[in-house]
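Asks:
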Amino acid sequence: MSRIHLPLRALPLALALLFTHAHAAPLDGGVQGLQAEVQSRLSALLGPVGAPLRIASPTFAGTDELTTLLQAPLDGPTAMRIALLHNPELQMALGAEGSNITDIQSTGFPPRLRARDEATRLALRAYKAWVNAVAAERSAQLLREAKTTTETADELTRRMVRAGNVSRLTQAQSQATLSETAVALARGEQAAFAAREQLIRVLGLWGAQTGFTLATTLPSLPASPTDTTDLEARALAARSSLQAERLSWQRKQASTVPSSIDERWDALGDAAKVRVQAVLVRSEAREAAYNLRTQWDMAHHLQTEVVPLRQFIHDELTLRYNGMLTSVFEVMADSRTRTLSGLAAAEALRDYWLAFADVQAVQAGVSPEGSAPARTGAAAGPDAKAAH
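Now the structure itself:
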């Protein structure tokens, strides 16, 4: 057995280098590379570069950071940070890989790529859950306003019936409208509660942590649609599963020349594996781009055309009522319609940001996850059609 002999004068230097190397790497191998890759892929949603993303590890529980993040009203980027830090399912997945995902390994090591994609998917799930929770609460608030207006109209109707100014039929119609509005509100509040609980599950919170304050509004609609030029090419370049299939196929092509019938069929199957991934990625990119543009167009139309028009109609009816040129019932009915128009606009804004998250998923190299919630407001009340 050979031995390595170092001159005595070299021992201090060798020991110093060994000591420095041992202390340069964290005891858990480090996940700074993984964190940086995920942050780079989510930069469009995280906004201006702030504190680096942190992912829980054996040497970092993040308890103090979680407490700090929960103090302010919860916005989208914060929800993503909390999920990466605290979601137990992600921690289970990372724990199963162990050192394979750490900075000890190369950037392109398959387990690291899988961990990156898993963390990216989770962060996007958290963002979309936050969007749904904020939008659902906003919808519930608008339905509360509609119910208040309807209650006022119903009480006025009762008084006018007692005075003999309107018929029992008018009163019955008012009561029916109030009942339908109450049901719509109950459904809206149920949807808001469910959306908040879904967000809580994605964030991995429990106990007092679930009492966080949710932001009251979503980000404003951009002045112009997000550019999706070359989204297919960017999606293809980012999809690690496609790159792996392509590399495997190229290696087989370089190492063997099909000679037997079975080998030729194998070659056909290997090439098809690459194509099926490419077809899927390209289709997801086109669909995400189309949805984003469509949702922007609808949200922009509702915000700039429908809502202002409904406000103008309401203002004109109010003036006519003050001049005794229209009835209070027409003004009340229009108030409900105006509220439901605002509800439709709020839902369209929600759908835009969900579509935006899907585009970011495609660019980050993962498949978008469907999460469009059921309509709870604009299609719930008797004036729903008038809201659009």
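Anchor point for the sequence shown: position 282 equals 281 in numbering that gives the first Met the number 0, and the numbering is continuous, going up by one each time.
Backbone N, C-alpha and C define an ideal beta-carbon position, used for all residues, glycine too.
1. Look at the alpha carbon of His20 and the alpha carbon of Gly97, and state the distance between them as a whole number of angstroms.
2. Let me check one thing: in DSSP terms, what residues is Leu318 bridge-paired to?
3. Residue range of the alpha helix (DSSP H) that Asn131 falls in?
4. Grab the span of the alpha helix (DSSP H) containing Glu196 for me, first residue to last.
5. In the DSSP assignment, the alpha helix (DSSP H) including Arg80 goes from what residue to what residue?
6. Over the uninterrupted alpha helix (DSSP H) stretch that includes Ile260, give me the two end residues.
7. Return helix, strand or coil for Phe355, following the three-state DSSP convention.
8. Could you name the residues of the same chain whose beta carbon sits closer than 7 angstroms to that of Leu52, not counting the 5 residues immediately before and after it, in chain order?
9. Please report the straight-line C-alpha distance between Gln172 and Ala132, rounded to a whole angstrom.
10. State whether the region 105–119 contacts the region 154–172, with contact taken as three or more CB pairs (one from each stretch) at a distance under 8 angstroms.
11. Residue range of the alpha helix (DSSP H) that Gly32 falls in?
12. Can you look up Ser366 in the DSSP assignment and give me helix, strand or coil?
13. Mark His299 as exposed unless 16 or more other C-beta atoms lie within 10 angstroms of its C-beta, in which case mark it buried.
14. Just the C-alpha distance for Leu342 and Leu184, rounded to the nearest angstrom, thanks.
15. If you compare alpha carbons, which of Arg238, Leu155, Ala162, Thr106 is closest to Glu329?
16. Where Leu68 and Thr101 are concerned, what is the direct C-alpha to C-alpha distance, given to the nearest angstrom?
Replies: In short:
1. Note that His20 scores 44 on pLDDT, short of 50, meaning its location in the model is unreliable and no value can be drawn from it.
2. Leu318 pairs with nothing; no bridge assigned.
3. 109–161
4. 167–202
5. It spans 75–85 - the alpha helix (DSSP H) in which Arg80 sits, taken as one unbroken run.
6. 260–300
7. helix
8. Gln34, Val37, Gln38, Arg80, Leu83
9. 34 angstroms
10. No contact exists between the region 105–119 and the region 154–172.
11. 31–40
12. coil
13. Counting the other Cβ atoms within 10 Å of the Cβ of His299 gives 16 or more, which makes it buried.
14. 12 angstroms
15. The shortest C-alpha separation from Glu329 is found at Leu155.
16. 25 angstroms
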